[in-house]
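Asker: Residue numbers (the numbering used here): 2 to 224.
Each residue gets a CB set at the ideal place from its N, CA and C atoms; glycine is no exception.
Quick one: the structure is below, questions incoming.
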Amino acid sequence: MSEEQERNSNQQQEEEDDNLELRLSSSQTPPDDPRNGSANGGGRSRTALVRRNPSQARREKSETVDAPYPWATKYRATVHSLQYLLSKGICTITGVVQCKRCERQYEIGYDLSEKFKEIASYIARNKSSMHDRAPSVWRNPVLPKCKFCDQENSAKPVIAQRKKHINWLFLLLGQMLGCCTLFQLKYFCKHTKNHCTGAKDRVLYLTYLSLCKQLDPSGPFDR
Ligand SMILES: [Zn+2]
Numbered sequence: 002m003s004e005e006q007e008r009n010s011n012q013q014q015e016e017e018d019d020n021l022e023l024r025l026s027s028s029q030t031p032p033d034d035p036r037n038g039s040a041n042g043g044g045r046s047r048t049a050l051v052r053r054n055p056s057q058a059r060r061e062k063s064e065t066v067d068a069p070y071p072w073a074t075k076y077r078a079t080v081h082s083l084q085y086l087l088s089k090g091i092c093t094i095t096g097v098v099q100c101k102r103c104e105r106q107y108e109i110g111y112d113l114s115e116k117f118k119e120i121a122s123y124i125a126r127n128k129s130s131m132h133d134r135a136p137s138v139w140r141n142p143v144l145p146k147c148k149f150c151d152q153e154n155s156a157k158p159v160i161a162q163r164k165k166h167i168n169w170l171f172l173l174l175g176q177m178l179g180c181c182t183l184f185q186l187k188y189f190c191k192h193t194k195n196h197c198t199g200a201k202d203r204v205l206y207l208t209y210l211s212l213c214k215q216l217d218p219s220g221p222f223d224r
């Protein structure tokens, strides 16, 4: 493999790893090989990438993003409706958890219809007494038991570092949205046009209702 091919393949891999970081990484591209003769007007497209204006290295917020999961839409913090998902044969929503004791990471799946029905009926029964605040079961989620070491209440959801990659539907179905920080929940509310300020129990409540409404727009999930 020639140096040039190798460099190209490295670059391709970077793109696969995280094509959104490409702009940032362009400033770290290795120096030009003098044999490329870019000074002679070789017209190499790679040069253009390297010479990009550094101010463009700042991340720009676009209206849409690549849907991070099959059940997510291209809009931030927005999932498809239940009807749509079931019509596409998406019945199980998966996500990654990590045991707090043995620290092993693995994937678990929730049955979409079953879990949603459970949450929706809980809300229908209790909404009037919630007073716009998340109840204790939402604030302090009971975590799944670890499948490796059997520790109860131990498999904590792994929440994406980048907020646009957060697996909101998985967290809803596992009733683990309370594992999010206030900052992450506010991101959700901001991008779903929910004006919300205040304490975490309020923002958490809104996140639950808003996600349920995304799944079932005609359900009893208005504020
Ligand atoms: Zn474990």
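#1: For residue 208, is the classification buried or exposed, using 16 other Cβ atoms within 10 angstroms of its Cβ as the cut-off for buried?
#2: Under the assumption that residue 180 contacts residue 103 (Cβ atoms under 8 Å), give the Cβ distance between them as a whole number of angstroms.
#3: Report the rounded CA-to-CA distance for residue 100 versus residue 168, giving the unit in angstroms.
#4: May I ask you to report which of helix, strand or coil DSSP gives residue 125?
#5: Is the distance from the Cβ of residue 98 to the Cβ of residue 69 below 8 Å?
#6: Determine the closest residue to residue 133 out of 216, 204 and 93, with distance taken between C-alpha atoms.
#7: Measuring only the C-alpha atoms, how far is residue 32 from residue 163?
#8: Buried or exposed: residue 65, going by 16 or more other Cβ atoms within 10 Å of its Cβ?
#9: At which residue ranges does the region 166-211 contain complete alpha helix (DSSP H) runs of 4 or more residues, listed in the order of the chain?
#10: Apart from the five residues just before and just after residue 183, which ones in its own chain have a Cβ nearer than 7 Å to its Cβ?
#11: Taking a cut-off of 6 Å, which residues have a beta-carbon closer than that to any heavy atom of ligand 1, in chain order?
#12: So, using beta-carbon positions, are residue 147 and residue 137 closer together than 8 Å?
#13: Along the alpha helix (DSSP H) that carries residue 1, what are the first and last residues, could you check?
#14: Could you tell me the alpha carbon to alpha carbon distance between residue 11 and residue 71, rounded to whole angstroms?
#15: Using beta-carbon positions only, say whether residue 73 and residue 188 come within less than 8 Å of one another.
#16: Thinking C-beta only, is residue 142 closer than 8 Å to residue 176?
Answerer: Answer, in terms of the structure:
#1: So residue 208 ends up on the buried side.
#2: With a Cβ gap of about 18 Å, residue 180 and residue 103 do not count as contacting.
#3: Near 18 Å, if we compare the C-alpha coordinates of residue 168 and residue 100.
#4: helix
#5: no
#6: It is 204 whose Cα lies nearest to the Cα of residue 133.
#7: With a pLDDT of only 41 at residue 32, under 50, the local geometry of the prediction cannot be trusted, and no value is derived from it.
#8: exposed
#9: 169-174 and 183-192
#10: 201 and 204
#11: 100, 102, 103, 105, 147, 149, 150, 152 and 155
#12: Cβ distance not < 8 Å, so residue 147 and residue 137 don't count as in contact.
#13: Within the shown structure, residues of the chain are numbered from 2 to 224, placing residue 1 beyond reach of any answer.
#14: Confidence in residue 11 is poor, its pLDDT being 41 and thus under 50, which makes the residue's placement unreliable; the coordinate value appears in the next sentence. If I take the Cα positions, the gap works out to 28 Å.
#15: no
#16: yes
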